[in-house]
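Notes to accompany the following structure.
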Amino acid sequence: MKHKDGKPINQPNKNRAVTLAVTLIALCGFSFYLGGIFCSGKDGVVVNTIQKTLDSPKQSSGSLQIKPISFPECSIDYQDYTPCTDPKRWRKYGVYRLTLLERHCPPVFDRKECLVPPPEGYKPPIRWPKSRDECWYRNVPYDWINKQKSNQHWLRKEGEKFLFPGGGTMFPNGVGEYVDLMQDLIPGMKDGTVRTAIDTGCGVASWGGDLLDRGILTVSLAPRDNHEAQVQFALERGIPAVLGVISTQRLPFPSNSFDMAHCSRCLIPWTEFGGIYLMEIHRILRPGGFWVLSGPPVNYEHRWRGWNTTIEDQRSDYEKLQELLTSMCFKLYNKKDDIAVWQKAKDNSCYEKLARESYPPQCDDSIEPDSGWYTPLRACFVVPDPKYKKSGLTYMPKWPERLHATPERVTTVHGSSTSTFSHDNGKWKKRIQHYKKLLPELGTDKVRNVMDMTTVYGAFAAALINDPLWVMNVVSSYGPNTLPVVYDRGLIGTFHDWCEAFSTYPRTYDLLHLDGLFTAESHR
Numbered sequence: 001m002k003h004k005d006g007k008p009i010n011q012p013n014k015n016r017a018v019t020l021a022v023t024l025i026a027l028c029g030f031s032f033y034l035g036g037i038f039c040s041g042k043d044g045v046v047v048n049t050i051q052k053t054l055d056s057p058k059q060s061s062g063s064l065q066i067k068p069i070s071f072p073e074c075s076i077d078y079q080d081y082t083p084c085t086d087p088k089r090w091r092k093y094g095v096y097r098l099t100l101l102e103r104h105c106p107p108v109f110d111r112k113e114c115l116v117p118p119p120e121g122y123k124p125p126i127r128w129p130k131s132r133d134e135c136w137y138r139n140v141p142y143d144w145i146n147k148q149k150s151n152q153h154w155l156r157k158e159g160e161k162f163l164f165p166g167g168g169t170m171f172p173n174g175v176g177e178y179v180d181l182m183q184d185l186i187p188g189m190k191d192g193t194v195r196t197a198i199d200t201g202c203g204v205a206s207w208g209g210d211l212l213d214r215g216i217l218t219v220s221l222a223p224r225d226n227h228e229a230q231v232q233f234a235l236e237r238g239i240p241a242v243l244g245v246i247s248t249q250r251l252p253f254p255s256n257s258f259d260m261a262h263c264s265r266c267l268i269p270w271t272e273f274g275g276i277y278l279m280e281i282h283r284i285l286r287p288g289g290f291w292v293l294s295g296p297p298v299n300y301e302h303r304w305r306g307w308n309t310t311i312e313d314q315r316s317d318y319e320k321l322q323e324l325l326t327s328m329c330f331k332l333y334n335k336k337d338d339i340a341v342w343q344k345a346k347d348n349s350c351y352e353k354l355a356r357e358s359y360p361p362q363c364d365d366s367i368e369p370d371s372g373w374y375t376p377l378r379a380c381f382v383v384p385d386p387k388y389k390k391s392g393l394t395y396m397p398k399w400p401e402r403l404h405a406t407p408e409r410v411t412t413v414h415g416s417s418t419s420t421f422s423h424d425n426g427k428w429k430k431r432i433q434h435y436k437k438l439l440p441e442l443g444t445d446k447v448r449n450v451m452d453m454t455t456v457y458g459a460f461a462a463a464l465i466n467d468p469l470w471v472m473n474v475v476s477s478y479g480p481n482t483l484p485v486v487y488d489r490g491l492i493g494t495f496h497d498w499c500e501a502f503s504t505y506p507r508t509y510d511l512l513h514l515d516g517l518f519t520a521e522s523h524r
C-alpha cells in the first residue's frame, strides 16, 4: 500500500491486529451482555468466578476473569431484611395512600453488602403438605399477629410451632367452609375454568392454601405493615405470595392476567380516590373474570353493628361500590350471606355503549395496558384489546388443557410464534429430566417454593407441573414481555428488575433457577 505521493505505508503485524480486534469485540459483547441483561447500572455483583478464554484462529489472546467476592454476615438485626420495603426507612415517605408501604429501594451507597443471617434456633422448614398447617416458631418468630388475630383463628402458637387452623377475619370457623360457599356461587371454580387468582390483603394466605387442593393457583399479596410477616408466613407454609400493596403504583402484573380476584375484609378503600384501586383490579382481571368481596359493605343489613358504623353509611358505601363497578362494566354475578361476586365484561360490547363523558374514563392509547413495573396508577380504566378475544375467560381452554395450548397473546411478543412456543416446551421437558439426575431432590417434598428467575414462556414451570411444588415465573421488566403468555397458560409470575431486591422475605425459596448468571440477590 502506498500514499498518494507513492511512499510505502508500514503495516503492523497482521496476526496481532486480528487478535486485538477479536479480543476487543468479545470484551465489548460480554460487557454489554452483563449490563443489558442483568443490570442497567454499575452496582450489580457477580459472585461466582467466571472465566472466558477468547481465542483467535492462530493464538490465544489471554483470558477474562472476575474474581470471587466474599461478603461478611449481617448483624442479627437484619434477619428479616427486605431492602425495598424496609420499615426503618418508612419515615422518609408519606402516609398518604400508604405510599410508605410501596417499593422504595435504597440508593447504591446505602445498600447492604452482607449475608442475611437466619434467626436464632432456625430449623429446616417443615415439608409440604404438612407445612400448610404448621411451621417452626423460630423460623418466623413474630407474636404480634398471633395475639391480635387469635380470636379469628389465623394461627396459634403451641410449643415450638405455629399452627394454622385455617381461620380468617370473615371465616373464623375455617376457610374450607368459606370456599365451599364461594364455589357454589362460582361454578367455574370446580370445572377448571378458574385457574389463577390473586388475594389482596391475604393475611397468612389460608384462602390461597385451600385453593391449591382445588386446582387454583393463587398469588397472595400483602404489604409489610403492622401485621409483620404475613407473606413470610405464607411462604414458610409453601403457599405462593409476594410483598405488595395497591397504592400509587400498578401491581407488577400485565393486564388480563387473573381469572379471579379476592378481598376478604382487606380494608382497601375501593371507592375512594375516584375508584382508582378498583380500576387496577379491572386491569389485571381478564375479561369474564370474577371479583369476590366479603366484608364491609357486603351484607351490611346484618353486619353493620360490628363495623363501628351506621346502617345508613354502609348502605351508602354499598351503593357507591355498585355504581362504580357498573361504570366499568362489571355486573353482579351472585351474592349470598357475606360474599358478593361481580364479573368483568366478557367482551367489549358494554364498553362501546359507555358515553365518552362517563366517569371513570377509559384510558386512551397512550397508556400501555401491560406495563406493571414502577408504573403510576392512572384515573382511568383499561379496556381489553378486542383483537385478543381468546384471552377472555369464557373462550380459554379449561385447566389442565390450558397449560399446553398456545396462547393467543404469544404473537404480541417480538420473534415469538406457535413454533417457538412449542420448541421451548420441548426443550424444557428434556432439561428437567437432566436436572432431576443432577438434583434428585427436585420432584420430592424437599423442594416446594421455586423461582424461575429468567423465564420466557413458563416452560420450566410447565415441565414440573406434576411435582409437589409451585413456580414463581419472573419476567424482566426491561426485556420482551412474555408474562401475559405465562398467565394465559394458567401459571403465575411477576415483573422484576434484578438490579433490585425481590419482593419477598429472606429464606423463603427452596430452589432458584436461573438460565444465565448468578446474582448476589440469590443468597438473601
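For what it's worth, the UniProt record's numbering labels the leading residue of the sequence shown as 1, then goes sequentially.
The beta-carbon is built from N, C-alpha and C at its ideal position, and this holds for glycine as well.
All of these numbers come straight from a predicted model, not from anything done at the bench.
Going straight from the alpha carbon of residue i to that of residue j, what length do you get?
i           : j       : result
Tyr-137     : Ser-255 : 38 Å
Met-451     : Arg-305 : 45 Å
Leu-54      : Pro-68  : Any reading at Leu-54 must be qualified, since the residue scores a pLDDT of 30, below 50, and its modelled position is unreliable; the value itself is stated next. Near 20 Å, if we compare the C-alpha coordinates of Pro-68 and Leu-54.
Asp-370     : Asp-488 : 13 Å
residue 532 : Leu-483 : For residue 532 there is no data in the structure shown, the boundaries of the chain being 1 and 524.
Met-245     : Pro-361 : Here the sequence assigns Val to residue 245, which means Met is not the residue at that position. Roughly 23 Å between the two C-alpha positions.
Pro-119     : Pro-506 : 10 Å
Lys-427     : Ala-222 : 35 Å
Phe-109     : Met-328 : 45 Å
Thr-200     : Thr-271 : 16 Å
Tyr-374     : Thr-394 : 31 Å
Met-396     : Asp-337 : 30 Å
Ser-477     : Asp-497 : 6 Å
Gln-433     : Val-410 : 26 Å
Thr-248     : Arg-402 : 33 Å
Lys-437     : Leu-511 : 15 Å
Asp-225     : Lys-147 : 16 Å
Cys-266     : Lys-88  : 24 Å
Leu-325     : Lys-331 : 7 Å
Gly-159     : Arg-286 : 44 Å
Helix, strand or coil for residue i per DSSP?
i           : result
Asp-347     : coil
Phe-171     : coil
Arg-286     : strand
Asp-317     : helix
Ala-459     : helix
Asp-452     : strand
Arg-356     : coil
Lys-436     : helix
Phe-518     : Low confidence applies to Phe-518: its pLDDT is 49, below 50, so where it sits in the model is not reliable, and the reading given next is rough at best. The answer is coil: DSSP assigns Phe-518 none of H, G, I, E or B.
Cys-202     : coil
residue 530 : Nothing about residue 530 can be read from this structure; the chain reaches only from 1 to 524.
Trp-342     : strand
Ile-136     : A small fix is needed here, since residue 136 is Trp in this sequence, not Ile. Strand, per DSSP.
Met-279     : helix
Ile-268     : coil
Pro-386     : helix
Phe-71      : coil
Ser-366     : coil
Thr-99      : helix
Val-292     : strand
At what residues does the alpha helix (DSSP H) containing residue i begin and finish?
i       : result
Asp-488 : 483–488
Phe-233 : 230–236
Tyr-333 : No alpha helix (DSSP H) holds Tyr-333; the beta strand (DSSP E) holding it covers 330–336.
Trp-154 : Note, Trp-154: premise wrong, no alpha helix (DSSP H); not H, not E.
His-302 : 300–303
Glu-401 : 401–404
What residue range is occupied by the uninterrupted beta strand (DSSP E) comprising residue i?
i       : result
Gly-493 : 492–496
Lys-161 : 161–163
Trp-307 : It is not in any beta strand (DSSP E) - Trp-307 carries neither H nor E in the DSSP assignment.
Trp-470 : 470–476
Ala-222 : 217–222
Val-242 : 241–243
Pro-259 : What sits at residue 259 in the sequence shown is Asp, not Pro. Asp-259 -> beta strand (DSSP E) spans 258–264.
Leu-511 : 511–513
Between residue i and residue j, which are expected to be in contact by the criterion C-beta below 8 Å, what is the C-beta distance as a whole number of angstroms?
i       : j       : result
Thr-494 : Val-242 : 6 Å
Leu-217 : Glu-280 : Incorrect: roughly 20 Å between the Cβ atoms, too far for contact.
Cys-114 : Glu-73  : 6 Å
Trp-128 : Gly-168 : The Cβ separation is near 21 Å, so there is no contact.
Sufficient close CB pairs (3 or more, under 8 Å) joining the segment 204–217 to the segment 275–288 | no
With contact counted as at least three CB pairs below 8 Å, one residue from each stretch, are the segment 186–193 and the segment 345–360 in contact?
-> no
Does the segment 122–140 come within contact of the segment 236–244, defined as at least 3 CB pairs closer than 8 Å?
-> yes
Counting pairs of Cβ atoms below 8 Å between the segment 162–177 and the segment 139–154, do you hit three or more?
-> yes
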